[in-house]
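Chains R and S supply the protein sequences, listed in that same order. If you count the first sequence from 1, you need to add 222 to reach this note's numbering. If you count the second sequence from 1, you need to add 222 to reach this note's numbering. Even for Gly, the Cβ is constructed at its ideal location relative to N, Cα and C.
Number of protein chains: 2
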Amino acid sequence: IEEELQSIVKSNGGDSKETFRQNLINTLERKLFYVPSFKIYGGVAGLYDYGPPGCAVKQNVLTYWRQHFVMQENMLEVDCPCVTPEVVLKASGHVEKFTDLMVKDEKTGACYRADHLLKDFCKEKLEKDLSLSAEKAAEFKQVLALLDDFSSEELGAKIKEYGITAPDTKNPLSDPYPFNLMFQTSIGPSGLSSGFMRPETAQGIFVNFKDLYYYNGNKLPFAAAQIGQAFRNEISPRQGLLRVREFTLAEIEHFVDPQDKSHRKFREVADLEFFMFPRELQVSGESAKKMVIGDAGTVNNETLGYFIGRVYLFLTSLGIDKERLRFRQHLANEMAHYAADCWDAEIECSYGWIECVGIADRSAYDLRAHTDKSGVSLVAHEKYAEPKEVEKVVITPVKKELGLAFKGNQKMVVEALEAMDEKEAMDMKANLESKGEVEFNVCTLGKSVTLNDKMVTIKKEKKKEHQRVFTPSVIEPSFGIGRIIYCLYEHSFYTRPSKAGDEQQNVFRFPPLVAPIKCTVFPLVQNQQYEEVAEQIAKSLAGAGISHKIDTTGTSIGKRYARTDELGVPFAITVDSTSSVTIRERDNKQQIRVNVDEVASVIKEVTDGQSTWADVQWRYPAHSSISADE
Amino acid sequence: IEEELQSIVKSNGGDSKETFRQNLINTLERKLFYVPSFKIYGGVAGLYDYGPPGCAVKQNVLTYWRQHFVMQENMLEVDCPCVTPEVVLKASGHVEKFTDLMVKDEKTGACYRADHLLKDFCKEKLEKDLSLSAEKAAEFKQVLALLDDFSSEELGAKIKEYGITAPDTKNPLSDPYPFNLMFQTSIGPSGLSSGFMRPETAQGIFVNFKDLYYYNGNKLPFAAAQIGQAFRNEISPRQGLLRVREFTLAEIEHFVDPQDKSHRKFREVADLEFFMFPRELQVSGESAKKMVIGDAGTVNNETLGYFIGRVYLFLTSLGIDKERLRFRQHLANEMAHYAADCWDAEIECSYGWIECVGIADRSAYDLRAHTDKSGVSLVAHEKYAEPKEVEKVVITPVKKELGLAFKGNQKMVVEALEAMDEKEAMDMKANLESKGEVEFNVCTLGKSVTLNDKMVTIKKEKKKEHQRVFTPSVIEPSFGIGRIIYCLYEHSFYTRPSKAGDEQQNVFRFPPLVAPIKCTVFPLVQNQQYEEVAEQIAKSLAGAGISHKIDTTGTSIGKRYARTDELGVPFAITVDSTSSVTIRERDNKQQIRVNVDEVASVIKEVTDGQSTWADVQWRYPAHSSISADE
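Next up, the structure:
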């Protein structure tokens, strides 16, 4: 936090950051990596379209995600709808708690996020108010540090105390009140069935736990995964692609026995070394430190550690700079009460450190919540090698009596009786014995019923148990794909002077894995022979499954290289003869000469990752030209 | 239509169709190809989850779609949000016209699709009323044939005439009234900004036309493509995966010069022969006929014909039976008024002929609609080789005067003036000359303003034109991915007796391209040596990018083959020694023996499509065992 504050307060470098970002965003929008959605109608805040190169980058990231996680770990991928009925999101807690605090301009009705206004106010004071006393400065810093934990009342009090008004009109503001961030809709024609656009994909996995566990041969651990759209009706979206109203999530729910969170492949990541930012370092005001994950000891369990390691490998393979990536542990007060431990993969960009992947041990919370709400028990079983003798409360509903008394509701009463825990059952037994009848609340009926001692028998018995029944814990790595992609853009973007030195050229240094197009083909000059060779090369590239583009415009080869660099295309083939051609690498701009019939296989090698550019540079003659490049 | 009626009326084969479908659906649900969404909460009609194999099939279909269409044609892929502001869908006509006619149970308020009730009534009469007169039967057939064209009044009249009541309660029904099928929501916290979940992905492309045209170097023709979720709040979903409330669409918008709809690659598909069902055959009561697309002459233009051919290749490569696939031309009264021609790829399944891909020439309708609504002109330009002399109306708004009169609205007034067509402009000129001022409606302001003759000059001038400006036509192939997949399941599913003959075994004959898992690995018996070999093979398969699964359970090899057949896995490797293993093909059940170190490359060959099973069968020794298979 301290660090963040410093980066806020330091206006040093702030300008160059702004310039960098503006140049980046101009390039991204001009090249249609993304554009504001519905632009011709003035756009909608927080909604963006991916144009052709952005869409290709996204597909490449998702394909690699599937390969790196789903395929390598044999995860069970599912695909559930975005439209979700209310009951599911009531169980998960989203209907009640997925809110931000909002204030309204009391005259115009314009809405603002309460914490944003307070944050902006404190930052502005710290940055611009030169007469600020040390005491006041410390107070504002304190507010910024505690902001995320403020209650509605605390936020309201601070807004009053500082006299903060609506930014656009200076009108007074309402008290803060919670605004639910889900897009609400109605399912079916009656208007009676409320639904929401899902705020995350995870719930679709939880509600399918029983089927997935069965599909996996009733064995733990296993992981399910889902890629899909999620929605969040932000009060006032800002920071471009980082905070949007619709986004692609890729989520993994890894189910484990809570008594054994070891991971059989942990040793494969144990030696990885990267920046970790455990709770203690944050609290003591230190910075993130490079640690070997196997040594760290601060991660709650091996499975969580394994995923942290895998996420590190995933992000750095995409081209995220490992010096600007850290894994930050949640502070105790930051975590949900049920969470055992939680680490965020944070990536540094011009907006600061951005949470891009959350990796949380959510314990048994979600499965229990859906078990309670649905009445379907979402549990796992472990067979004992030998039966164990245990004393158990046995609850035997007398169905005949219950049927007479409750008719169609009998089933619900029986299920509720069988679902009682030991204490509840023994209490009921005592009451039945003393009073002859009890009031019993049946959740699924939404009311209490009266039971007498004919309707159920409850006794303690010694029983042989053949298996343990338990609710699995879930470890959840959750990836914000759009945020990762935006940070990737920042980490990949650079400018270099053109040869003439008169202008800056923009380059994305995407690895071939991510690059939207792997290779371009340029006939050096416009003539039929060269264009035929170019077509022939394009065909062999297509045959090898390599995405490519021909540019037969008469533009100078230097300009065509510059265009290609701005899209992050790693290799450019220039056709300057009918027998051999040159291949130019984007970042070092060196060229080699390769025969026409070999060129597709060379490009395949270097884009597949079988060989590096250095490997092939060593094998083929260098081509140097006083040419057209720049 | 006659054909459809016959298939409805014939109860012959109906039962076996039902049995087939029930067996298929049981298998699909048991193997988690798909399951009803939110099942533990009782489900929501029209929403389904794809489980692991279904999700893999879907990914394979989409990957192949991208390869077959986007990559091979160099289409510009985009990715736009599902949440769409109202203005966009007003322009497209969806707010007004995307409706179904609904009737309500007058007592309970339950909703039904009016046409469904009438259809069910007529079908029931035709199927079950043995005393039906020939005359009445003809009338019901006539109603079924015209159903889709009935107006609200006609539907209501028929429902009254036949005394149709609510199916569940027999209560009287309301008159039919339109129900908009879009899921509505509200964007942002104010509640003032209405939005919808998009009913199709196409609008996201149209609103980006200007940027995409520029991205393509301001050249026509070009195509943009989008894969994504679309939503349709069905009144009463039925027919499983065929009519759902949320689905994946893959859409192409191919923009062409309306004066030149030729396609440079038409000859690549011209020789294809398949079932076509042109308008004339439908009207004259004939059946679809095999035709060579290049000869057909009934398709409006080459581009439309090219896409019909490409769609045929796409569907049959996936495993759609070409004998149960036809391209049906829309009847004149079926098409939107603006459409030039429209063909549906219809696939026959147990529910009848199902529209799975629509291929429409939508002319300039969509781009014009968004130009009108947004005021941004979505047009293309064709440069003339030599400038042409034309007489043109020149409209010159006098910005100074307009600025004084309309201040901030000046820009909108200027744009509206410049957007006038010749006739409007000449009328204004006449009015200004006679009266000195005119009322002028400015759409984007939503009101009229008063203009005087100082504010604009209008005159006819001889001008040299250097280019033609026009609104492109759009040819739209639109794929319902879920429907294609369901039909694929039906066309791929068969049962065969087990060797013992005591039970039926289910098989999906998916081609490797589509199969959710390409290959399974079975150690013949549970021992460490074999399991190590199996692990080694699994690693080499992973290295080759082949999705696979190890099954080390002690189950009999016959049962494991049966399990694998039910998932449509084309190849099974059985480890029965440490040096060589067998590969078994799913459909002919024959086996070959291959060395352990070759096995991954053999599987790659046959799953990539480089070789057929017959090719490799010829190269490797056959393995025959009195073994375990069945």
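Measure the Cβ-Cβ separation of residue i and residue j and say whether it is below 8 angstroms.
i: V696(R); j: D588(R); result: yes
i: P738(R); j: A278(R); result: yes
i: V533(R); j: I569(R); result: no
i: L403(S); j: N455(S); result: yes
i: S680(R); j: V615(R); result: In the sequence as displayed, the identity of residue 680(R) is Ile instead of Ser. Taking 8 angstroms as the Cβ cut-off, I680(R) and V615(R) qualify as a contacting pair.
i: V729(S); j: R718(S); result: yes
i: L746(S); j: V797(S); result: yes
i: R690(S); j: E807(S); result: no
i: P678(S); j: A638(S); result: Inspection of the sequence shows that residue 678(S) is occupied by Val rather than by Pro. No, Cβ-Cβ distance for V678(S) and A638(S) is not below 8 angstroms.
i: M297(S); j: Y399(S); result: no
i: H770(S); j: R815(S); result: no
i: D371(R); j: N555(R); result: yes
i: H592(S); j: A313(S); result: yes
i: I542(S); j: V283(S); result: no
Hey, is residue i's beta-carbon within less than 8 angstroms of any beta-carbon in chain S?
i: V620(R); result: no
i: G331(R); result: yes
i: G410(R); result: yes
i: E502(R); result: no
i: V635(R); result: no
i: I247(R); result: no
i: G426(R); result: yes
i: D787(R); result: no
i: L298(R); result: yes
Return no unless some Cβ of chain R is closer than 8 angstroms to the Cβ of residue i.
i: P307(S); result: yes
i: H485(S); result: no
i: S769(S); result: yes
i: A379(S); result: no
i: Y272(S); result: yes
i: S233(S); result: No answer about S233(S) holds up, because its pLDDT of 41 lies below 50 and its placement is not dependable.
i: P303(S); result: yes
i: S849(S); result: Its pLDDT being 48, under 50, S849(S) is placed unreliably in this model, and the value from its coordinates should be taken loosely. No, S849(S) does not count as interfacial toward chain R.
i: H592(S); result: yes
i: Y528(S); result: no
i: A492(S); result: no
Below 8 angstroms on the Cβ atoms is my contact criterion, and I expect residue i with residue j to pass it. Report the Cβ-Cβ distance as a whole number of Å.
i: A332(S); j: D390(S); result: 6 angstroms
i: E468(S); j: P303(R); result: 4 angstroms
i: P274(S); j: G265(S); result: Wrong, their Cβ atoms sit about 19 angstroms apart, outside the cutoff.
i: I772(R); j: T829(R); result: I772(R) to T829(R), Cβ: 17 angstroms. No contact.
i: E495(S); j: V478(S); result: At roughly 26 angstroms, the Cβ-Cβ gap does not stay under 8 angstroms, so E495(S) and V478(S) are not in contact.
i: F260(R); j: V310(S); result: 6 angstroms
i: F732(S); j: A794(S); result: With a Cβ gap of about 14 angstroms, F732(S) and A794(S) do not count as contacting.
i: S396(R); j: K326(R); result: 4 angstroms
i: I609(S); j: V636(S); result: Before going on, a small fix: residue 609(S) reads as Pro here, not Ile. No, P609(S) and V636(S) are not in contact; Cβ-Cβ is about 27 angstroms, not under 8 angstroms.
i: F497(R); j: R548(R); result: 4 angstroms
Taking the continuous alpha helix (DSSP H) assigned at residue i, which residues delimit it?
i: N282(R); result: P274 to W287
i: T525(S); result: E524 to L540
i: K341(S); result: A336 to K350
Residue i lies in the beta strand (DSSP E); which residues open and close that run?
i: T774(S); result: Looking at the DSSP string, T774(S) is not in any beta strand (DSSP E), and its letter there is neither H nor E.
i: E577(R); result: G574 to D583
i: C564(R); result: D563 to C571
i: I697(S); result: S695 to G702
i: G378(R); result: No beta strand (DSSP E) contains G378(R), which is instead part of the alpha helix (DSSP H) from S374 to E383.
Original post:
Of all the alpha helix (DSSP H) runs that stay within the bounds of the segment 597 to 683 of chain R, which reach a length of 4 or more residues?
Top reply: 621 to 628, 632 to 640 and 644 to 657
Original post:
Whole beta strand (DSSP E) runs in the segment 442 to 519 of chain R with 3 or more residues, listed along the chain?
Top reply: 444 to 453, 468 to 478, 495 to 499 and 511 to 514
Original post:
In the segment 752 to 820 of chain S, which residue ranges form an unbroken beta strand (DSSP E) of at least 3 residues, counting only runs that do not cross its ends?
Top reply: 770 to 772, 793 to 797, 802 to 807 and 813 to 817
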